[in-house]
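J.:
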Amino acid sequence: MTEAAVDVDGVEGPADGLRAVFEAVEDADAWGGDEQRRALHDRLEDAGVDHPTRPATAKLTHDQMDLLVDLLNGFGSRGELLEWQQDLVIQTVGQLEDSWYSRVASSAPTVSALLGEPWGTTDDMPPALAREVRRGIAAKDLLPAFHAGHAVARWAAVERVDHLDDDGEGDDIDPIDPREQQYPLMRPAFGELDGQQEAALADLLEGFETAEELLAWAHRVTSASYAEIERSTVTAPYFEQPLRRRLLGTSPTPEETFVRESWASEYLLPAFNRAADALGKRAQEVTAARGFRGETGSGSIT
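Per this note's numbering, the sequence shown starts with residue 118, numbered consecutively.
So, in structure tokens, the structure goes:
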């Protein structure tokens, strides 16, 4: 698909509630602490997002809100940015272009704005400019991707009406609380994929003690990418000697860290993105155990 889908018959959906909350908060200083974050989630509920009949879409909206707040706050390192991008892969259901991930993580001015400090060839990054760049990325890239993610996920969202059944026997059935669900989009397959991707990225950034560990990791990447990574890309970390030297060792130099992060942004994250896109229309939705607060673990937006 080449653009974000629109809601059917003009009916507003959870992504529109997210947009309304985003546009209502103009002061950048309001984004940040846990108290402000909780207030934004409460505002989503006040906007009518938490419809108990389709909790999966509400779960997705709340998880997307966390990613939006993270972006507007900025990141402490490029590695932290890559970890956020991996979460974004899941919560947008792979609906950003593959190239977006490498483009954002490789542009010195963009990374500088996301970190709020000079990086690479960028010598200066005024705080006001950094804040405006982050806002621009949120408005231009994230909101359309969130919208497209909802367009993919909504058709498979289960309508849960047990709590509305007047003919039910025994105690009333409580509606499902979206924010207490374990899995992204309430889909275990996405929870599994998220965990595999998170671990694969973390291991790459940390490095490997031996060539054997590197080979075992390369095999795991096939599963973490839902076999969407190219075969030659899987073998490159072993056969390309300069790359292999920079991936071995768990106390990387700044140069080795840069190479690992760059390889992740160029090859790993785009493959992860394609995996989420491939899985998006196929994963089955289930209700997770009550009392567990979930964590927030090719696309097509042009």
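All C-beta atoms in this analysis are idealised placements derived from N, C-alpha and C, irrespective of residue type, glycine included.
What you are looking at is a predicted structure, and each value in this text was computed from that prediction instead of being measured.
Cα-Cα, which of Gly193, Ser368 and Ala306 is closest to Leu321?
T.: Ser368
J.: Would DSSP call Phe192 helix, strand or coil?
T.: In the three-state reduction of the DSSP assignment, Phe192 falls in the coil class.
J.: Could you check what DSSP says for Ala238 in three-state terms: helix, strand or coil?
T.: According to the sequence provided, residue 238 is Thr. The question's Ala does not apply to it. In this structure, Thr238 counts as coil in the three-state DSSP scheme.
J.: Is Thr352 buried or exposed, if buried means 16 or more other CB atoms sit within 10 Å of its CB?
T.: exposed
J.: Which value, in whole angstroms, describes the spacing of the CA atoms of Leu157 and Asn390?
T.: 27 Å
J.: Taking the C-alpha atoms as reference points, what is the distance between Pro244 and Phe356?
T.: If you take the alpha carbons of Pro244 and Phe356, they lie about 43 Å apart.
J.: Whole angstroms is fine: what's the gap from Glu229's alpha carbon to Ala173's?
T.: The question names Glu, but residue 229 in the sequence shown is Ser. Computed Cα separation, rounded: 35 Å.
J.: As an exercise, report each continuous beta strand (DSSP E) stretch of at least 3 residues that is fully enclosed by the segment 300-327, in chain order.
T.: none
J.: Who are the Cβ neighbours of His336 in its own chain at under 7 Å, not counting the five residues just before and after it?
T.: So no residue of the chain qualifies.
J.: By DSSP, does Asn390 sit in helix, in strand, or in coil?
T.: helix
J.: Hey, out of Asp258, Leu177 and Asp180, whose CA is closest to Ser216's CA?
T.: Asp258
J.: Cα-Cα, which of Leu198, Glu345, Ser379 and Arg361 is closest to Ala395?
T.: Glu345
J.: Between Arg363, Ala393 and Ala268, which has its C-alpha nearest Glu323's C-alpha?
T.: Arg363
J.: Would DSSP call Asp279 helix, strand or coil?
T.: Reliability of the predicted coordinates at Asp279 is poor, the pLDDT of 48 falling under 50, and the value obtained from them is presented with this limitation in mind. If DSSP states are grouped into helix, strand and coil, Asp279 belongs with the helices.
J.: Across the segment 222-239 and the segment 247-254, are there enough close Cβ pairs to call them in contact, namely three or more that are closer than 8 Å?
T.: yes
J.: If we ignore side chains and look at the alpha-carbon of each, how far apart do Asp240 and Ser194 end up?
T.: 16 Å
J.: What is the rounded straight-line gap between the Cα of Leu360 and the Cα of Gly312?
T.: Whole-angstrom Cα-Cα distance: 25 Å.
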